[in-house]
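Enquirer: My questions all concern the structure below.
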Amino acid sequence: MRVGEQRNLGRRVRDRALVAMKPVGIDRTRHFVSLVTPVSFVTLVIFGLAIVPVFGLSSAAAQLSEDEIHPFYMAFSSSLFATVNENDARASVRVLASSIARERNVPIHPEPLIYDTLEEIEGAFSRSEVDAVALNTVEFVQLEKIVPEWDAILSARVGHELTETYVLLTRQQGPKHLSELKGKNLLAFREARMCLAELWLDTELADEGLGSATSCFAGIQGTVKLSQAVLPVFFGQADACLVSRRGFDTMTELNPQLGRELHVIAESPPVIAAVFCVRASRDRHADNVQPIVDALQTVHETPAGEQVLTVFQSDKLVLIDSGLLDTARTIVEGWTTLTGRAPASSTPELLGTKALAGAGDGR
1 MRVGEQRNLG RRVRDRALVA MKPVGIDRTR HFVSLVTPVS FVTLVIFGLA
51 IVPVFGLSSA AAQLSEDEIH PFYMAFSSSL FATVNENDAR ASVRVLASSI
101 ARERNVPIHP EPLIYDTLEE IEGAFSRSEV DAVALNTVEF VQLEKIVPEW
151 DAILSARVGH ELTETYVLLT RQQGPKHLSE LKGKNLLAFR EARMCLAELW
201 LDTELADEGL GSATSCFAGI QGTVKLSQAV LPVFFGQADA CLVSRRGFDT
251 MTELNPQLGR ELHVIAESPP VIAAVFCVRA SRDRHADNVQ PIVDALQTVH
301 ETPAGEQVLT VFQSDKLVLI DSGLLDTART IVEGWTTLTG RAPASSTPEL
351 LGTKALAGAG DGR
């Protein structure tokens, strides 16, 4: 559910709990304090203690009620849905959450919470409204300033690779060095895993004294289709393109001529582009963290998990050490120092897909 849809959730849950207590004689509209009949509080307590054995109320039942009121909430940055079908993603996450809750006996709320901006995610953690979030690494590096410690960090593996590498391509007959790109045109492949690519390119160009990409190139055009970034360069219709190494390698396997006609003039270090972070916002959830993390690492072995991974074009979730994100931190911090501002935190700005939303499957 979106953030605005949560406003009355707590009230509805409390009302449902109060309805269950109506036989005791409590007015559910007055939050446990207004009595329907003129009976003393002491009498009510004695009566309540007397009916506990009758109705079989126990500490386990009380805990269940608490879990219903404060379940484990999972959130997602909408940047991860920029090039996937959001309805499919919601449905698959819902099924997976319900499956984990049932199989691991943990109180996970099945409906994913989706936030459009980093500010919304920061606010949700500050108010202890969520317990875990999936987001791209640019957002994560900035979120660390608000949430410096995590119970667990996971990332998605594609094939045998956990990281992404970005490459800047030109034709063999075209520019051979970054300095030769001044005044040229650039096509940029834009999807969730490319979140660090243009930040990295800006810092590379700045190191060569060329300024940022927007000042170096005559024009930059984004596309959510990999082929629409690579093929125009191959056919001489564009000067350069910024794509993922994995995507380019896949295209050259299908068409070896691409590998012969195009060459790499700059390549980024390997980076982790997206993460799923867990930080239990309530002490009561401390015992639930490990079962949930264990379940997430084995989702590829379940039909529900396979569906989620397919939607997000991944193969497996693995637990990672925070140190593996240092390269991403360096890129974000370098870009921030260079520009004097933080990277964009809203999905359209971050991915440049405002006019391209829903434009395909990224191929």
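Going by UniProt numbering, 143 is the number at position 143 of the sequence shown; the sequence numbering is gapless. All residues carry an ideal CB built from backbone N, CA and C; glycine is no exception. Owing to the predicted nature of the structure, the values given are computational and were not obtained by experimental measurement.
Give me the Cβ distance between Phe81 and Ala89, rounded to the nearest whole Å; I'm assuming they're in contact under 8 Å.
Expert: Counting from 1 along the sequence shown, the entry for residue 81 is found at position 81. Counting from 1 along the sequence shown, the entry for residue 89 is found at position 89. Confirmed, Cβ separation roughly 6 Å.
Enquirer: Checking 8 Å against the spacing of the C-beta atoms, do Thr327 and Pro269 come in under that value?
Expert: Numbered from 1 along the sequence shown, position 327 holds the residue referred to as residue 327. Numbered from 1 along the sequence shown, position 269 holds the residue referred to as residue 269. Cβ atoms of Thr327 and Pro269: closer than 8 Å.
Enquirer: If you drop the 5 nearest sequence neighbours on each side, which residues of the same chain put their C-beta closer than 6 Å to that of Glu66?
Expert: Locating residue 66 in the sequence shown gives position 66, where the first residue counts as 1. Because the pLDDT at Glu66 is just 49, under 50, the model does not fix this residue reliably, and the point stays unresolved.
Enquirer: Helix, strand or coil: how does DSSP classify Arg190 here?
Expert: Sequence index remark: in the sequence shown, residue 190 carries index 190 (1-based). Arg190 falls in the coil class under three-state DSSP.
Enquirer: Report yes or no: do the segment 257–272 and the segment 287–304 share at least 3 C-beta pairs separated by less than 8 Å?
Expert: No: fewer than three Cβ pairs fall under 8 Å.
Enquirer: Could you tell me the distance, in whole angstroms, from the CA atom of Glu111 to the CA atom of Arg94?
Expert: Along the sequence shown, one-based indexing puts residue 111 at 111. Along the sequence shown, one-based indexing puts residue 94 at 94. Taking the straight line joining both Cα atoms gives about 6 Å.
Enquirer: Starting from Gly222, follow its DSSP beta bridges and name the residues at the other end.
Expert: Locating residue 222 in the sequence shown gives position 222, counting from the first residue. Gly222 is bridged to Ala188.
Enquirer: What did DSSP end up calling His263 once you bin it into helix, strand or coil?
Expert: Position 263 of the sequence shown, counted from the first residue, corresponds to residue 263. His263 falls in the strand class under three-state DSSP.
Enquirer: Pick out the complete beta strand (DSSP E) segments inside the segment 131–157, 3 residues or longer, and give them in chain order.
Expert: You should have 132–136 and 152–157.
Enquirer: So for Glu119, helix, strand or coil by DSSP?
Expert: For the purposes of this step, residue 119 is taken as the residue at position 119 of the sequence shown. Reduced to three states, the DSSP call for Glu119 is helix.
Enquirer: Could you say which of Gln172, Leu196 and Val84 lies nearest to Phe234 if we only look at CA atoms?
Expert: Position 234 of the sequence shown, counted from the start, is the residue given in the question as residue 234. Here the closest residue by C-alpha is Gln172.
Enquirer: I need the DSSP call for Ala240, collapsed to helix, strand or coil.
Expert: As a position in the sequence shown, residue 240 is number 240, starting the count at 1. Here Ala240 sits in strand by DSSP.
Enquirer: Can you list, in chain order, the residues of its chain with a C-beta nearer than 7 Å to that of Phe217? Leave out the 5 residues immediately preceding and following it.
Expert: By one-based count along the sequence shown, residue 217 stands at place 217. Around Phe217: Leu181, Lys184, Asn185 and Leu186.
Enquirer: So what does DSSP say about Ser77, is it helix, strand or coil?
Expert: Locating residue 77 in the sequence shown gives position 77, where the first residue counts as 1. The answer is strand: DSSP assigns Ser77 an E or B state.
Enquirer: Going by DSSP in three states, Arg279 sits in which element: helix, strand or coil?
Expert: Looking up residue 279 in the sequence shown gives position 279. Residue state, collapsed to three classes: coil.
Enquirer: Could you say which of Ala274, His109, Thr83 and Ser244 lies nearest to Leu143 if we only look at CA atoms?
Expert: On the sequence shown, position 143 is the one that residue 143 refers to. Selected option, being the one with the closest Cα: Ala274.
Enquirer: To the nearest angstrom, how far is it from the Cα of Pro175 to the Cα of Ala238?
Expert: Against the sequence shown, residue 175 aligns to sequence position 175. Against the sequence shown, residue 238 aligns to sequence position 238. Roughly 12 Å between the two C-alpha positions.
Enquirer: Are the CB atoms of Val271 and Ile331 within a distance shorter than 8 Å?
Expert: Taking the sequence shown and counting its residues from 1, the one referred to as residue 331 is at position 331. Taking the sequence shown and counting its residues from 1, the one referred to as residue 271 is at position 271. Cβ atoms of Ile331 and Val271: closer than 8 Å.
Enquirer: Our contact map puts Val243 next to Phe189 with C-beta atoms below 8 Å; I'd like the distance itself, whole angstroms only.
Expert: Indexing the sequence shown from 1 puts residue 243 at position 243. Indexing the sequence shown from 1 puts residue 189 at position 189. Right, the Cβ-Cβ distance comes to about 4 Å (below 8 Å), so this counts as a contact.
Enquirer: My assumption, with CB atoms under 8 Å, is that Tyr115 sits in contact with Ile121. Please give the rounded CB distance.
Expert: Indexing the sequence shown from 1 puts residue 115 at position 115. Indexing the sequence shown from 1 puts residue 121 at position 121. Yes, Tyr115 and Ile121 are in contact; Cβ-Cβ is about 5 Å, under 8 Å.
Enquirer: When burial is assigned at 16 or more other CB atoms within 10 Å of the CB, is Glu191 buried or exposed?
Expert: Position 191 of the sequence shown, counting from 1, holds the residue named residue 191. Result: buried.
Enquirer: By the DSSP assignment, the beta strand (DSSP E) with Leu196 in it spans what residues?
Expert: Looking up residue 196 in the sequence shown gives position 196. Careful: Leu196 lies outside any beta strand (DSSP E) and carries neither H nor E.
Enquirer: Who are the Cβ neighbours of Gln257 in its own chain at under 6 Å, not counting the five residues just before and after it?
Expert: Here residue 257 corresponds to residue number 257 of the sequence shown, with the count starting at 1. Excluding positions up to five away in sequence, the list is empty.
Enquirer: Could you pull out every residue in the same chain whose Cβ sits closer than 6 Å to the Cβ of Phe276, ignoring the five residues on either side in sequence?
Expert: On the sequence shown, position 276 is the one that residue 276 refers to. Closer than 6 Å at Cβ, skipping near neighbours: Ala134 and Leu154.
Enquirer: Phe125 and Ile146 - do their beta-carbons sit closer together than 8 Å?
Expert: If you number the sequence shown from 1, residue 146 lands on position 146. If you number the sequence shown from 1, residue 125 lands on position 125. A contact, by the Cβ cut-off of 8 Å.
Enquirer: Closer than 8 Å by C-beta to Ser314: which residues in its own chain qualify, once you throw out the five before and the five after it? Chain order, please.
Expert: Here the question's residue 314 lines up with position 314 in the sequence shown. Excluding residues within five positions, the ones whose Cβ falls inside 8 Å are Ala156, Arg157 and Val158.
Enquirer: Can the beta-carbon of Ser78 be found closer than 8 Å to that of Glu139?
Expert: Translated into positions along the sequence shown, residue 78 becomes position 78. Translated into positions along the sequence shown, residue 139 becomes position 139. Not closer than 8 Å, so no.
Enquirer: What do you reckon, are the CB atoms on Arg245 and Thr165 nearer than 8 Å?
Expert: Walking along the sequence shown from the start, residue 245 turns up at place 245. Walking along the sequence shown from the start, residue 165 turns up at place 165. Taking 8 Å as the Cβ cut-off, Arg245 and Thr165 qualify as a contacting pair.
Enquirer: Taking only beta-carbon atoms, is Asp326 less than 8 Å away from chain B?
Expert: Among the chains in the structure shown there is no chain B, since it carries only a single protein chain.
Enquirer: Considering only the beta carbon of each residue, do Leu199 and Trp335 sit closer than 8 Å?
Expert: On the sequence shown, position 199 is the one that residue 199 refers to. On the sequence shown, position 335 is the one that residue 335 refers to. Contact: yes.
Enquirer: Taking the C-alpha atoms as reference points, what is the distance between Leu319 and Leu309?
Expert: If you number the sequence shown from 1, residue 319 lands on position 319. If you number the sequence shown from 1, residue 309 lands on position 309. Using only the alpha carbons, I get a separation of about 15 Å.
Enquirer: Using the C-alpha atoms, what's the distance from His160 back to Leu201?
Expert: Numbered from 1 along the sequence shown, position 201 holds the residue referred to as residue 201. Numbered from 1 along the sequence shown, position 160 holds the residue referred to as residue 160. Straight-line Cα distance between these residues: approximately 26 Å.
Enquirer: Excluding the 5 residues flanking Thr339 on each side, which residues of the same chain have their C-beta closer than 8 Å to its C-beta?
Expert: For the purposes of this step, residue 339 is taken as the residue at position 339 of the sequence shown. These residues qualify, in order along the chain: Asp202 and Ser212.
Enquirer: Buried or exposed, going by whether 16 or more other CB atoms sit within 10 Å of the CB of Ala286?
Expert: Along the sequence shown, one-based indexing puts residue 286 at 286. Exposed.
Enquirer: Which residues in the same chain as Val167 place their Cβ atom closer than 8 Å to its Cβ, once the five residues preceding and following it in sequence are excluded?
Expert: Along the sequence shown, one-based indexing puts residue 167 at 167. Excluding sequence neighbours, Val167 sits near Leu242, Val243, Ser244, Arg245, Phe248, Val264, Ala266, Glu267 and Ser268.
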